[in-house]
Structure formats: structure tokens, C-alpha cells
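Numbering (the numbering used here), first residue to last: 99 to 239. Ideal Cβ placement from N, Cα and C applies to all residues, glycine included. Structure first, commentary second.
Shown next, in the form of C-alpha cells:
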């Protein structure tokens with residue numbers, strides 16, 4: 099099944115207003131992408147722009163949706179994960195309200211209960227944020 103056909107809330111443990119991904123748009127063996135439309139009601143809005151912390155959470159929730167999707171297709175319960183560390187964070191721009199942003203994550207390694215990913219966020223085809231993230235407890239089946 100195409101990942102975009104799933105309700106993203108069936109793939110992640112987060113719930114509104116903390117939901118920072120609208121749709122899981124694509125999945126491959128070790129990568130995924132997602133999208134988020136930035137609503138004015140988003141709790142991470144500051145000065146009409148989405149905050150840096152929301153960009154980090156968007157990357158993390160893309161990874162959570164990826165794992166949730168893999169769990170669903172393997173008939174495994176969707177579990178919780180926690181950001182263990184963020185490394186090399188670079189934020190180049192903050193997207194405005196009423197814009198759509200896109201994410202890409204790639205699984206670099208899985209080791210001792212941690213999944214290490216590289217994550218990127220794009221706005222209007224421009225890279226606006228990137229980091230390495232270590233996620234604890236949300237490993238692939």
C-alpha cells in the first residue's frame with residue numbers, strides 16, 4: 099500500500115496539537131519523505147514563522163511515521179520513540195505560516211536500540227534545515 103494512503107495519525111504516537119507531519123509521502127527500504135502544511139494555529143509559530151524546534155520535531159515525526167508504516171505492513175504495533183540526540187543541526191531559514199514544507203530522512207544505522215538518521219527539511223525546493231538524529235526505542239521491525 100502507498101504510504102500516503104494511511105492516515106498519518108495511525109503511524110505516529112503524537113496527537114494534535116503536537117502533530118508535526120500531515121502525510122508520509124514516500125518510503126523505500128532505508129528512507130522516507132513527508133509533508134506538513136503550516137497552519138496559523140500551530141503551537142510552534144513565532145513571528146509568523148515555524149520555529150527551529152518544530153523543524154526538528156518534523157524530522158523526528160517523519161522518522162516515526164516511517165517506522166510506524168513499516169510496523170503496520172509487518173503487523174507490528176506502532177510504538178513510541180524518543181529523540182536521544184541531535185547532532186550537526188543547521189537551520190538556514192524558517193518557513194512562513196500557510197506554507198508546505200517537505201522532509202526527507204535516511205536511516206544511517208541501527209545499533210543497540212537506537213536508530214540514527216539524517217534528516218532534511220525543504221521549503222520551495224530549498225534546503226532549510228538538516229541534522230543527524232539519534233532516536234531511542236523506535237527501531238525498524
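Below 8 angstroms on the Cβ atoms is my guess for residue i versus residue j; work out the distance and round it to an integer in Å.
{"i": "residue 203", "j": "residue 152", "result": "Incorrect: roughly 16 angstroms between the Cβ atoms, too far for contact."}
{"i": "residue 107", "j": "residue 167", "result": "Actually they are not in contact, since the Cβ atoms of residue 107 and residue 167 sit about 12 angstroms apart, beyond 8 angstroms."}
{"i": "residue 187", "j": "residue 229", "result": "4 angstroms"}
Could you check what DSSP says for residue i in three-state terms: helix, strand or coil?
{"i": "residue 194", "result": "strand"}
Is any heavy atom of the ligand COA found at a distance shorter than 7 angstroms from the C-beta of residue i?
{"i": "residue 181", "result": "Absence of the ligand COA from the depicted structure is noted, as is the absence of any ligand whatsoever, leaving it without description."}
Could you please give the first and the last residue of the uninterrupted beta strand (DSSP E) stretch that includes residue i?
{"i": "residue 211", "result": "No beta strand (DSSP E) holds residue 211; DSSP gives it neither H nor E."}
{"i": "residue 180", "result": "180 to 189"}
Review point. Along the chain, which unbroken stretches of the alpha helix (DSSP H) at least 4 residues long are found entirely within the region 145 to 176?
Key: 150 to 171
Check your understanding: What are the complete beta strand (DSSP E) segments, minimum 3 residues, inside the region 106 to 142?
Key -> As far as the region 106 to 142 is concerned, its whole beta strand (DSSP E) runs of at least 3 residues are 121 to 125, 129 to 135.
Review point. Do the region 134 to 147 and the region 176 to 187 make contact, defined as three or more Cβ pairs closer than 8 angstroms?
Key: no
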